[in-house]
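Student: Following this message is one structure expressed as structure tokens.
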Ligand code: DSN
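Numbering (the numbering used here), first residue to last: 152 to 554.
Structure, rendered in structure tokens:
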């Protein structure tokens, strides 16, 4: 590379990544193949539209790239029919699900779903940010909470888990057009069947945002939302271990949700697809469709549990009482007896452990300086760490925070 400044910065980031223990729950380390696809000539090509229906010429190769990504996405999540045929959108496989692989990231993916399916000003219902929901699940500071009227549900104060009866009560009373399930900081298994019943009782669409646990679904260690959801969105760079990108799956039936979503993505919201990212997603999807990835996903969950159990043994309060996924939240504030999440994250960073400060349910502190930390096991599991390593990381965290 001739640009010495950027070259140096890339090298510095590589060194930083190598030196630290990375417990960011939404990060991971991609393969060389994913990086190669990202850094390929595919970045040079414009191709607004969809395969076979573009506004640009010279798209025969990128059409294949996009179709391959769609095909692999449907296959990975068990949505492809056994017998290949011409599919619902001209793909080489048929399926009761359609997938759009063009969203540039998770936030525009969620935004596109609402824009396609919920008239502006109507109600959407998602989980409160401080309890584990995402900004784009209708938080007031997000455009999703400004363009739509958002109803936010919380977890139960005692268990810190979803109270399905309460969510149902709110949904029936408020009658949102769409309910969001799937979170950024919820460490337990979501009962998607119950969410389907809630959505049906409220006559609402069910969107599952599986961004955080998509890799766990692919690896068979987290229940699939597809039997119950109408729409599933996901980013591709967390547990799924791909590049920064996103996908929207929609059920194919008489409602033709996919047609409305496709129209919002382009021409409604985005321009030309990032074909280098789509190719890198295709690579990651193939990598995730292997026995090795299944072992990885199981190890991710087992490692998170080892981390949570050891921290709990050392006296730290784990939100929700533990974890069943790749992430956990630690209450560092402990009703004023401990330290804020920001202070804890600063101390850990100074000692080479990278985490993010995070709110805990019913937090009395602000999101910029909340009461806890969120820890995740996916990146360090990619680096080969096992349960004993994570127990050791827990002891390091304990020693740093108590010092
Ligand atoms: N902010 C991301 C996360 O860390 O979970 C989601 O967008």
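We put the CB at the ideal spot given by N, CA and C, even for glycine.
For ligand 1, which residues count as neighbours when the test is a C-beta closer than 6 Å to any heavy atom?
Tutor: In chain order, the residues that have a beta carbon nearer than 6 Å to some heavy atom of ligand 1 are 177, 257, 285 and 335.
Student: Can you tell me whether residue 152 is buried or exposed? The criterion is at least 16 other CB atoms within 10 Å of its CB, across all chains shown.
Tutor: The residue given as residue 152 occupies position 1 in the chain shown. So residue 152 ends up on the exposed side.
Student: Determine the direct distance from the alpha carbon of residue 374 to that of residue 453, and round the result to whole angstroms.
Tutor: Working through the chain shown from its first residue, we reach residue 453 at position 302. Working through the chain shown from its first residue, we reach residue 374 at position 223. Rounded to whole angstroms, residue 453 to residue 374 spans 16 Å at the Cα level.
Student: Note down the Cα distance separating residue 426 from residue 185, rounded to an integer number of angstroms.
Tutor: As a first step, residue 426 must be located in the chain shown, where it is residue number 275. As a first step, residue 185 must be located in the chain shown, where it is residue number 34. Distance between the alpha carbons of residue 426 and residue 185 is about 13 Å.
Student: Rounding to the nearest angstrom, what Cα-Cα distance links residue 183 and residue 508 in this structure?
Tutor: As a first step, residue 183 must be located in the chain shown, where it is residue number 32. As a first step, residue 508 must be located in the chain shown, where it is residue number 357. Whole-angstrom Cα-Cα distance: 30 Å.
Student: Per the DSSP calculation, residue 432 is bridged to which residue(s)?
Tutor: Start at 1 with the first residue of the chain shown, and residue 432 comes out as number 281. BP columns for residue 432 are empty, so no partner.
Student: Does residue 251 come out as helix, strand or coil in the three-state DSSP assignment?
Tutor: Walking along the chain shown from the start, residue 251 turns up at place 100. Three-state DSSP puts residue 251 in a strand.
Student: Taking the alpha carbon of residue 213 as the point to measure from, which residue in 291, 545, 222 and 201 has its own alpha carbon closest?
Tutor: Walking along the chain shown from the start, residue 213 turns up at place 62. Selected option, being the one with the closest Cα: 201.
Student: Could you tell me the distance, in whole angstroms, from the CA atom of residue 547 to the CA atom of residue 360?
Tutor: By 1-based counting over the chain shown, the position of residue 547 is 396. By 1-based counting over the chain shown, the position of residue 360 is 209. For residue 547 and residue 360, the distance between alpha carbons rounds to 33 Å.
Student: May I have the straight-line CA-CA distance separating residue 438 from residue 467, to the nearest angstrom?
Tutor: One-based indexing of the chain shown puts residue 438 at position 287. One-based indexing of the chain shown puts residue 467 at position 316. One C-alpha to the other measures close to 36 Å.
Student: Determine, using beta-carbon pairs with one atom in the segment 315-330 and one in the segment 350-369, whether at least three such pairs fall under 8 Å.
Tutor: yes
Student: Can you name the residues that DSSP bridges to residue 509?
Tutor: Position 358 of the chain shown, counted from the first residue, corresponds to residue 509. DSSP, once it has assigned bridges, lists 523 as partnering residue 509.
Student: Which one of 420, 362 and 291 has the shortest CA to CA distance from residue 266?
Tutor: Within the chain shown, residue 266 is the residue found at index 115, counting from 1. Checked all of 420, 362 and 291; the closest Cα to residue 266 is 420.
Student: Could you check the C-alpha separation between residue 238 and residue 408 for me, to the nearest Å?
Tutor: Looking up residue 238 in the chain shown gives position 87. Looking up residue 408 in the chain shown gives position 257. Low confidence applies to residue 238: its pLDDT is 47, below 50, so where it sits in the model is not reliable, and the reading given next is rough at best. Going by the C-alpha atoms only, they are around 16 Å apart.
Student: In whole angstroms, what is the alpha-carbon distance linking residue 314 and residue 346?
Tutor: Within the chain shown, residue 314 is the residue found at index 163, counting from 1. Within the chain shown, residue 346 is the residue found at index 195, counting from 1. Computed Cα separation, rounded: 11 Å.
Student: From 410, 432, 395 and 482, pick the residue whose C-alpha is nearest to that of residue 216; which is it?
Tutor: Counting from 1 along the chain shown, the entry for residue 216 is found at position 65. Among 410, 432, 395 and 482, the Cα nearest to that of residue 216 is on 432.
Student: Measuring only the C-alpha atoms, how far is residue 514 from residue 522?
Tutor: For this step, residue 514 is matched to residue 363 along the chain shown. For this step, residue 522 is matched to residue 371 along the chain shown. The alpha-carbon atoms of residue 514 and residue 522 are separated by roughly 7 Å.
Student: Should residue 160 be labelled buried (16 or more other beta-carbon atoms within 10 Å of its own) or exposed?
Tutor: The residue given as residue 160 occupies position 9 in the chain shown. By the C-beta density criterion, residue 160 is exposed, having fewer than 16 other C-beta atoms within 10 angstroms.
Student: Can you tell me whether DSSP reads residue 481 as helix, strand or coil?
Tutor: Walking along the chain shown from the start, residue 481 turns up at place 330. It is a strand residue.
Student: Along the beta strand (DSSP E) that carries residue 211, what are the first and last residues, could you check?
Tutor: Position 60 of the chain shown, counting from 1, holds the residue named residue 211. Taken as a continuous stretch (DSSP letters only), residue 211 belongs to no beta strand (DSSP E), being part of the alpha helix (DSSP H) at 211-227.
Student: Counting contacts by CB-CB distance shorter than 8 Å, is residue 459 in contact with chain D?
Tutor: Any reference to chain D falls outside this structure, which holds one protein chain only.
Student: Name the two residues that bound the continuous alpha helix (DSSP H) containing residue 366.
Tutor: Looking up residue 366 in the chain shown gives position 215. Here the alpha helix (DSSP H) through residue 366 covers 365-369.
Student: Can you give the Cα-Cα distance for residue 383 and residue 377, rounded to whole angstroms?
Tutor: Counted from its first residue, the chain shown places residue 383 at position 232. Counted from its first residue, the chain shown places residue 377 at position 226. If I take the Cα positions, the gap works out to 7 Å.
Student: Consult DSSP for residue 490 and reduce its assignment to one of helix, strand or coil.
Tutor: Taking the chain shown and counting its residues from 1, one reaches residue 490 at position 339. Here residue 490 sits in coil by DSSP.
Student: Identify the continuous beta strand (DSSP E) that holds residue 318 and give its terminal residues.
Tutor: Taking the first residue of the chain shown as 1, we reach residue 318 at position 167. Run containing residue 318: none in the beta strand (DSSP E); it sits in the alpha helix (DSSP H), 315-325.
Student: Considering only their Cβ atoms, is the gap separating residue 277 from residue 301 smaller than 8 Å?
Tutor: The count along the chain shown starts at 1 and reaches residue 301 at position 150. The count along the chain shown starts at 1 and reaches residue 277 at position 126. The answer is yes: Cβ separation under 8 Å.
Student: If you follow the alpha helix (DSSP H) that residue 298 is in, where does it begin and where does it stop?
Tutor: Residue 298 sits at position 147 when you count from the first residue of the chain shown. No alpha helix (DSSP H) contains residue 298, which DSSP labels as neither H nor E.
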